[in-house]
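> For the sequence shown, the UniProt record's numbering assigns the number 1 to the initial residue and increments by one for each residue that follows.
All residues carry an ideal CB built from backbone N, CA and C; glycine is no exception.
Owing to the predicted nature of the structure, the values given are computational and were not obtained by experimental measurement.
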Amino acid sequence: MRSPRRVGDLNDPDNSQYVHLPSTRRLRPRRAELTPWAHQVLAYRVMTLRRAGRGGPGTLLAYGGTMPPGGAKAQATVCNALRDVLNAAGLSGEPDVRPSSLRHWVGRRAFDAGAPIEQVATLLGHRSLDATAEDIALDWAREVDHR
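#1: Given a threshold of 16 other Cβ atoms within 10 Å of its Cβ, counted over all protein chains shown, does Arg-25 qualify as buried or as exposed?
#2: Judging by CA-CA distance, which residue of Leu-49, Pro-57, Thr-48, Gly-53 is the nearest neighbour of His-20?
#3: Does the stretch 7-18 come close enough to the stretch 78-96 that 3 or more CB-CB pairs lie under 8 Å?
#4: Measure how close the beta-carbons of Gly-55 and Leu-61 come, nearest whole angstrom, since I'm counting them as under 8 Å.
#5: Compare the beta carbon distance of Ala-133 and Ile-117 with 8 Å and say whether it is the shorter of the two.
#6: Smallest Cα separation from residue 153: which of Val-97, Ser-101, Trp-37, Tyr-63?
#7: Leaving aside the five residues before and after Val-120 along the sequence, list all residues of the same chain whose C-beta is less than 7 Å from its C-beta, in chain order.
#8: Between Pro-36 and the rest of its own chain, which residues show a CB-CB distance below 7 Å, the 5 nearest in sequence each way excluded?
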């Protein structure tokens with residue numbers, strides 16, 4: 001099970017540029033650079049948490065409920081929030097758009113900008129180039145040979 005991200009996972013809660021992400025069965029621990037939009041969203045979230053008296057390093061970023069983190073209700077709350085975002089963006093009817101699509105998009109964007117597949121794998125934290133290719137919808141035979 002993935003551990004929830006907390007305020008303390010941001011490099012600087014007041015001016016975050018990246019977030020530390022843990023390893024999983026499939027992924028290596030890594031540092032994820034934040035887009036300007038993500039920086040703005042997280043700055044607002046940290047400010048909101050602090051105003052509520054809950055902005056310490058152990059405070060969860062995406063879940064403010066009362067159930068323990070990692071439990072089914074906590075996970076459902078976060079999934080519902082992501083569903084609401086997809087609905088608001090008009091993407092809820094797209095069968096291939098999921099919360100993980102955001103992560104995969106970052107990898108694909110890096111690859112399309114010229115990053116080698118090995119660099120994209122490091123960016124995404126993958127232990128396998130095949131996993132990277134799958135997540136960024138890369139057809140090895142066609143795309144790598146034509147770069």
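This is what the structure holds:
#1: For the purposes of this step, residue 25 is taken as residue 25 along the sequence shown, with counting starting at 1. Exposed, since its Cβ has fewer than 16 Cβ neighbours within 10 Å.
#2: Walking along the sequence shown from the start, residue 20 turns up at place 20. The shortest C-alpha to C-alpha distance from His-20 to any of Leu-49, Pro-57, Thr-48, Gly-53 is the one to Pro-57.
#3: No: the two stretches stay apart, fewer than three of their Cβ pairs being nearer than 8 Å.
#4: What you label residue 55 is simply residue 55 of the sequence shown in a count that begins at 1. What you label residue 61 is simply residue 61 of the sequence shown in a count that begins at 1. Going by Cβ atoms, the distance from Gly-55 to Leu-61 rounds to 10 Å, so no, they are not a contact pair.
#5: Position 133 of the sequence shown, counting from 1, holds the residue named residue 133. Position 117 of the sequence shown, counting from 1, holds the residue named residue 117. Taking 8 Å as the Cβ cut-off, Ala-133 and Ile-117 qualify as a contacting pair.
#6: In the structure as shown, the chain starts at 1 and stops at 147, and residue 153 therefore has no counterpart that could be examined.
#7: For the purposes of this step, residue 120 is taken as the residue at position 120 of the sequence shown. Take Val-120, set aside five residues on each side of it, and the residues of its chain with a beta-carbon closer than 7 Å to its own are Gly-107, Ala-110, Phe-111, Thr-132, Ile-136, in chain order.
#8: Position 36 of the sequence shown, counted from the start, is the residue given in the question as residue 36. Nothing listed; no residue qualifies.
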